[in-house]
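S.K.: Residue 1 is where the sequence shown starts when you use my numbering, and the numbers rise one by one after that. Each residue gets a CB set at the ideal place from its N, CA and C atoms; glycine is no exception. None of the values given here were measured: they were computed from a predicted structure. Take this structure first; my questions come after.
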Amino acid sequence: SLRASITVCLIRSIDGVDSYCENYSAESVFQNRIGSCQSFVNLYYECCSLLNIQCLKITGYIRENFLKNNEDLKNFSHSWNAIVLDQYTYLVDPTWGANTNYHNRNQIQDYYFLTSSEEFIYTHYSTDYQLLQPEITKEEFLSLPVIKSNYYRLNLSLLTPKQGYNQTDENIFKISIKTPAYVDLYASLKIDTIEYPCHLHTLCQRDINQTDTINCFLAPPTDGLYEIRIYSKTNHETTYQDTIYMRLNVLNMIQAITFPIIYQSFLEYKCILIEPFRRLVHKNEYLFIHMKIQDAILIKTKNGHD
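In structure tokens, the structure reads:
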């Protein structure tokens with residue numbers, strides 16, 4: 001809609017967010033070019049009113065990450081809008097959409113304008129206005145994975161697991177994501193401030209049978225509560241962006257492993273490792289290496305530095 005696009009341009013002219021701003025009026029934020037999230041919501045509401053677009057103001061809570069032990073969702077209050085266009089209701093976050101919390105303010109976050117309620121719920125929660133049937137509880141909201149806008153930009157689909165908090169006693173945990181052929185993924189694994197080396201503890205590759213699916217395997221080194229982050233980009237982009245956050249609680253794991261170290265050629269030729277999934281092999285052990293390498297003509301193996 002052209003009218004909705006005009007309101008985006010008006011919001012985009014604001015310089016930044018001031019969480020301590022006490023004047024929430026649309027006039028104030030437009031004159032001073034700075035305001036709180038409530039100021040953005042009021043300005044967006046006034047713009048829509050002038051253009052005869054039906055608009056609502058919504059208050060609730062947001063999460064950009066999982067809550068820490070001493071944190072409460074009440075500390076992350078936020079405001080956003082809902083608008084009606086062509087008999088459809090969409091959700092709008094003018095604060096996030098204006099990209100005011102990021103260094104590169106020239107890149108507007110289009111995703112947060114005219115967003116469906118099914119996607120918005122992964123980061124925005126309101127007890128009064130969800131547009132979901134049935135509505136979800138705060139506990140259900142907190143149990144969801146944290147899904148970033150890049151997930152929808154690249155047309156990804158989380159297959160398994162669906163929940164944000166998972167528990168296992170296995171030494172390998174798998175996340176499956178339906179991923180277009182032009183998109184690459186990688187994963188990270190951390191506890192608190194300790195991030196474990198990706199080349200030893202994570203492995204993302206195409207599924208052996210479903211080529212439109214990428215499996216991200218994670219090998220936690222010990223018991224504990226881990227944070228998993230999935231990053232993505234297109235083949236033509238140079239920078240990966242945050243995409244999915246999950247938590248993994250590992251209990252009573254018998255024996256940890258590390259993955260074989262892979263090299264750039266493994267990625268270039270889109271190899272798929274089937275077995276073994278462990279880096280450590282024993283002396284005199286019979287080892288069967290099973291891989292899928294599409295269109296391969298010649299394969300050589302080397303034993304150590306031979």
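For Arg206, count the other beta carbons within 10 Å of its own beta carbon; 16 or more makes it buried, fewer makes it exposed. Which is it?
M.R.: Around the beta carbon of Arg206, 16 or more other beta carbons sit within 10 angstroms, so the residue counts as buried.
S.K.: Give me the residue from Asn65, Tyr122 and Ile53 with the minimum Cα distance to Glu227.
M.R.: Asn65
S.K.: With DSSP run on the structure shown, which of helix, strand or coil describes Thr160?
M.R.: strand
S.K.: Distance check for Gly60 and Ser126, CA to CA, integer angstroms please.
M.R.: 4 Å
S.K.: For a quick check, are the C-beta atoms of Thr202 and Ala256 less than 8 Å apart?
M.R.: No, the pair does not count as a contact, with Cβ atoms beyond the cut-off.
S.K.: What is the rounded straight-line gap between the Cα of Tyr240 and the Cα of Pro145?
M.R.: 19 Å
S.K.: Reducing DSSP to helix, strand and coil, say where Asp110 ends up.
M.R.: helix
S.K.: How would you call Gln38, buried or exposed, if buried means at least 16 neighbouring beta carbons within 10 angstroms?
M.R.: buried
S.K.: For Pro94 and Ser49, I'd like the C-alpha separation in whole angstroms.
M.R.: 15 Å
S.K.: Do you know offhand how far Tyr24's Cα is from Ala98's?
M.R.: The pLDDT assigned to Tyr24 is 49, lower than 50, so where the model puts this residue is not dependable, and the model offers no usable value.
S.K.: Quick one: which unbroken alpha helix (DSSP H) runs of 4-plus residues sit fully inside the stretch 177-258? Chain order, please.
M.R.: 198-201
S.K.: Using a Cβ-Cβ cutoff of less than 6 Å, which residues in the same chain neighbour Leu158 once the five nearest sequence positions on both sides are dropped?
M.R.: Ile177
S.K.: In whole angstroms, what separates the C-alpha of Asn235 from that of Thr243?
M.R.: 16 Å
S.K.: Could you check what DSSP says for Val41 in three-state terms: helix, strand or coil?
M.R.: helix
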